[in-house]
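Number of protein chains: 2
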Amino acid sequence: MATKAVNLETQRAKLERKERAILEAARGVFVEHGFDGARVSEIARRASIGEGTIYSYYESKAELMLAVLQQFWDGLTLEAEAVMASTKADGFFDRLQALAQYHLNTVIVNADFINLTFALRRNNSEVSVSRDHLRHYVAVFDKLFLRGQDRGELRPNAVLWQARDVFYGTLEYSARSIEMTMDSDRNLRQQKPVVDQMTSLFHSHYGVQHQATEPNHSTLDRLSSKLDRLSEKFDSLDKRLSR
Amino acid sequence: MATKAVNLETQRAKLERKERAILEAARGVFVEHGFDGARVSEIARRASIGEGTIYSYYESKAELMLAVLQQFWDGLTLEAEAVMASTKADGFFDRLQALAQYHLNTVIVNADFINLTFALRRNNSEVSVSRDHLRHYVAVFDKLFLRGQDRGELRPNAVLWQARDVFYGTLEYSARSIEMTMDSDRNLRQQKPVVDQMTSLFHSHYGVQHQATEPNHSTLDRLSSKLDRLSEKFDSLDKRLSR
DNA sequence: TCCTTTATTGAGCTTGACTCGAAAATACCG
DNA sequence: CGGTATTTTCGAGTCAAGCTCAATAAAGGA
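Line order of the protein sequences matches chains S and G. Numbering-wise, our numbering comes out as the position in the first sequence, counting from 1, plus 18. Numbering-wise, our numbering comes out as the position in the second sequence, counting from 1, plus 18.
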């Protein structure tokens, strides 16, 4: 009986090891050649198994890639959470800066995976799984944002999903722009301004201190005109006295 | 000779008509099934020609789709320029709002084409063409932005490409978010807040009056000098009265 | 009308995802 | 251990789809 249990365990371990081998091989091949360029035969060769064996682990090539993507996004989420946990300063804007830096760099480095994620959405219609994984990933930002509001660093009336769109949308688009104009190591130099502008943008648009820039202005204008009127009174007084 | 010329013309016209038929058929099939799902045989059938004929017009399926995409983006550019031309108000922020509204709606309605554009980037490596078309499209924003700076509505030290990333990045990401949470006709309601926030964001972050409180400073300076002058008047009045 | 040039075609070629029957490995039992 | 049942692996074969090409049709020119 003991033997039986042990055998079952080792057998399961063996299967899992093989599955991991397939995933690793698939990951490499997908990154190198993209979804359509990837040959299942090559994945099988790299994993040192027969081509048909893959199909006893995964229904199809698309599902295999889905598994790769899930593993990838889960890893990203963990890393992002680690970045948040390890950031010394606990102010919102410092943490936002750290997250932006991490995300931008990640999106550039793993551009292949980002593209592949959206590639699947077209090829296969039942890709709702990756949607949940995306949600899970952006939850890191959501948590940070809500905390920022709780601590009174962000306007209470700022809308979470709008801010999220600005954050991830801008960074993703910037990453594409940076990729397009890639001349070797120019990357690091171009990332900083993007990250900095993101922080300052959140400061000026969602930050609590600039919340009422409009009223301030009108207040100043009102003050100014009051002073003008006061000044006129003075002048008239002045004239009367000089007569 | 006349006959010859006429024949040449009609012949050329015939070819162009056929090419247009192919493009139209391809457009439909690509949108319906995506790049990989689209069958060249179906495109041929819809265009009422033999499958081989397509390959005498286009090198490959990928190049055919490229042509479809180019036509699509060119159309978008023209439309965007028309929106800019037809917007009554010539202030920067009104025009930005109009452009944002147009772009967001377009991205949502033609989500297929947007996706297909980035799909090609993976499948085929020589897609530099669509890059130029994208550049041409975003030039509409660039022109608007530069004019806004010239007219003194935007901070002179605002960086064009950063603002562009924020604008298109946010709108694209928002479009995806909106698509994900589509419950029939909820679209129109969700688009407006996105567009509004874009305008107000540009106002608070790139607008000249809020230029990182610097302009406020100058307003304060003006107030301060007004107070100084008032104070001087007081002093002179004081002196005169005390005499 | 005849010849040259160009355009069209669809039957095949090739490639690659996926299937399936058989064989190898493993588990189970006496 | 030996034999049998079950599970896992395998790669040759099937099928589908992009693409080629030799034959055919159409057009142009004398």
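All C-beta atoms in this analysis are idealised placements derived from N, C-alpha and C, irrespective of residue type, glycine included. Since this is a predicted model, take the numbers as computed values, not measurements.
From this set, the options, which residue's C-alpha is nearest residue i's C-alpha?
i        : options                                   : result
Glu37/G  : His154/G, Ser192/G, Gly68/G and Ser195/G  : Gly68/G
Ala157/G : Gln119/G, Arg182/G and Ser218/G           : Arg182/G
Ile61/S  : Ile40/S, Glu50/S and Gly55/S              : Ile40/S
Arg45/S  : Asn123/S, Ser74/S, Ala80/S and Thr71/S    : Ala80/S
Ser195/G : Ile72/G, His51/G, Ile126/G and Ser260/G   : Ile126/G
Val47/G  : Leu134/G, His223/G, Val177/G and Thr217/G : Leu134/G
Ser74/S  : Glu34/S, His51/S, Leu94/S and Gly52/S     : Glu34/S
Phe110/S : Lys161/S, Asn128/S and Phe136/S           : Lys161/S
Thr217/G : Leu245/G, Glu250/G, Phe185/G and Ala43/G  : Phe185/G
Thr199/G : Gln215/S, Met198/S, Arg153/S and Ser254/S : Arg153/S
Asp130/G : Phe53/G, Leu245/G and Leu172/G            : Phe53/G
Phe163/S : Ile132/S, Thr188/S and Phe220/S           : Phe220/S
Gly170/G : Glu97/G, Gly93/G and Val226/G             : Val226/G
Ser192/G : Ser254/G, Gln119/G, Leu248/G and Ser249/G : Gln119/G
Pro211/G : Gly70/G, Asn123/G, Tyr76/G and Val49/G    : Asn123/G
Asp214/G : Leu114/G, Lys257/G and Ser59/G            : Leu114/G
Gly93/G  : Phe136/G, Gln167/G and His121/G           : His121/G
Leaving out the 5 sequence neighbours to the left and right, which residues in its chain are closer than 6 Å to residue i when beta-carbon positions are compared?
i        : result
Ala116/S : Val101 and Thr105
Trp91/S  : His151 and Tyr155
Gln208/G : Ile196
Phe252/S : none
Gly49/G  : Strictly speaking, residue 49/G in this sequence is Val, with Gly absent from that position. So the list reads Asp130, once near-sequence residues are dropped.
Specify, as a first and last residue, the run of the alpha helix (DSSP H) that residue i falls within.
i        : result
Gln115/S : Phe110 to Val127
Ala70/G  : In the sequence as displayed, the identity of residue 70/G is Gly instead of Ala. First-last of the alpha helix (DSSP H) with Gly70/G: Glu69 to Tyr75.
Lys106/S : From DSSP, Lys106/S is part of no alpha helix (DSSP H); its letter is neither H nor E.
Thr199/G : No alpha helix (DSSP H) holds Thr199/G; DSSP gives it neither H nor E.
Ala62/G  : Val58 to Arg64
Determine whether the Cβ of residue i lies closer than 7 Å to any Cβ atom of chain G.
i        : result
Ser195/S : yes
Asp108/S : no
Tyr186/S : yes
Leu152/S : no
Gln209/S : no
Phe48/S  : no
Gln180/S : yes
Phe111/S : no
Pro174/S : no
Leu94/S  : no
Answer yes or no: does any C-beta atom of chain S fall closer than 7 Å to that of residue i?
i        : result
Lys36/G  : no
Ser192/G : yes
Lys161/G : no
Ser222/G : yes
Asp15/G  : The question about residue 15/G has no answer here: the residues shown for chain G are numbered 19 through 261.
Lys244/G : yes
Gln89/G  : no
Gln215/G : yes
Lys251/G : yes
Leu248/G : yes
Leu219/G : yes
Pro233/G : With a pLDDT of only 46 at Pro233/G, under the threshold of 50, the placement of this residue in the model should not be trusted; the figure read from the coordinates follows. No, Pro233/G does not count as interfacial toward chain S.
Would the beta-carbon of residue i be found less than 6 Å away from any heavy atom of the ligand FAD?
i       : result
Thr95/S : Ligands in the displayed structure: none, and consequently the ligand FAD is not present.
Among residues of its own chain, excluding the 5 on either side of residue i, which ones have a beta-carbon nearer than 7 Å to its beta-carbon?
i        : result
Glu99/G  : Val158
Glu190/G : Val125
Asp112/S : Thr105
Ala43/S  : Ile61, Arg64 and Ala65
Thr95/S  : His154, Tyr155 and Val158
Tyr224/G : Leu172, Arg173, Ala176 and Ala181
Leu248/G : none
Residues in the same chain with beta-carbon distance under 8 Å from residue i, minus the five sequence neighbours each way, listed in chain order, please.
i        : result
Leu138/G : Phe53, Ala80, Met83, Leu84, Leu87, Val145 and Ser148
Arg57/S  : Val47 and His51
Gly187/G : none
Arg165/G : Phe110
Gln89/S  : Leu41 and Arg45
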